[in-house]
Every structure is written in C-alpha cells, then in structure tokens.
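I have placed the structure first, in the form of structure tokens, so that the comments after it can refer back to it.
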Amino acid sequence: MDPATAAVMVLLMCSPGDAPVCKPVNTASSQVFASLSECRSSLAKELADATSGRMVGRCQVVDPIVTGSLPAGYTTVVVARGGKAARYVVPHKEE
6 MDPATAAVMV LLMCSPGDAP VCKPVNTASS QVFASLSECR SSLAKELADA
56 TSGRMVGRCQ VVDPIVTGSL PAGYTTVVVA RGGKAARYVV PHKEE
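Here the sequence shown is numbered in this note's numbering, starting from 6 and rising by one per residue.
Here is the structure:
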C-alpha cells in the first residue's frame with residue numbers, strides 16, 4: 006500500500022426513466038480506503054447487493070493530506086527546515 010494514496014467511494018441512486026436523476030446515497034459514514042483496489046473491491050460488493058440495478062458508483066483516488074481522510078494507522082507529520090515546511094503521510098501505531 007502506498008501510504009500517500011487513499012480512495013473514496015461515491016454511490017448514487019438513480020431514478021428509472023428516460024431522463025434519470027441520480028442522488029448521492031446517504032451512508033452512515035463515508036468510507037476512506039487505503040488503496041484504489043480495496044475501494045473497487047468494496048464497490049463491486051455494494052453494487053452486487055443493489056439488485057434493483059438503479060445504483061451506480063465510482064472509486065476516486067484522493068490526496069489524504071488535502072482531504073484529511075487518512076487511512077487507519079497513518080498520520081500526517083510536518084517537517085520544517087529553513088522556513089519551509091513539508092507534510093508527509095507516515096504509518097502511525099495507536100497506543
């Protein structure tokens with residue numbers, strides 16, 4: 006797993022008809038996945054459970070630093086040198 010990569014899943018429920026209208030599916034908590042492949046695997050399961058065929062979904066890679074959506078077990082550290090700062094995503098063990 007690349008520690009700087011995270012993915013989010015977007016699910017939409019679409020109405021039937023010639024001009025379908027799609028709205029986001031309300032989930033209890035938005036899921037952030039550690040990798041795109043993990044997200045796609047979960048997406049396949051979600052769509053398989055939606056037997057009506059009116060649900061569509063997509064996985065998208067996001068920058069976990071910008072979105073603040075780090076996978077479990079990772080944290081952000083800031084390294085400052087000479088007036089410049091850089092952010093890094095690093096593994097973090099919960100104690």
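From the three backbone atoms N, C-alpha and C, an ideal C-beta is built for every residue, glycine too.
Problem - Ser42 versus Val13: straight-line alpha-carbon distance, rounded - result: 11 Å
Problem - Best match in Cys44, Arg92, Val15 and Arg86 for proximity to Ala80 [C-alpha to C-alpha] - result: It is Thr, not Ala, that sits at residue 80 in the sequence shown. The shortest Cα separation from Thr80 among Cys44, Arg92, Val15 and Arg86 belongs to Arg92.
Exercise for the section: Could you spell out the range, first to last residue, of the beta strand (DSSP E) harbouring Ala85? Expected result: Tyr79 to Arg86
Practice task
Please classify Pro25: does DSSP put it in a helix, a strand, or coil?
Solution key: coil
Exercise for the section: Look up Val37 in the DSSP assignment and give the residues it is bridged to. Expected result: Val13
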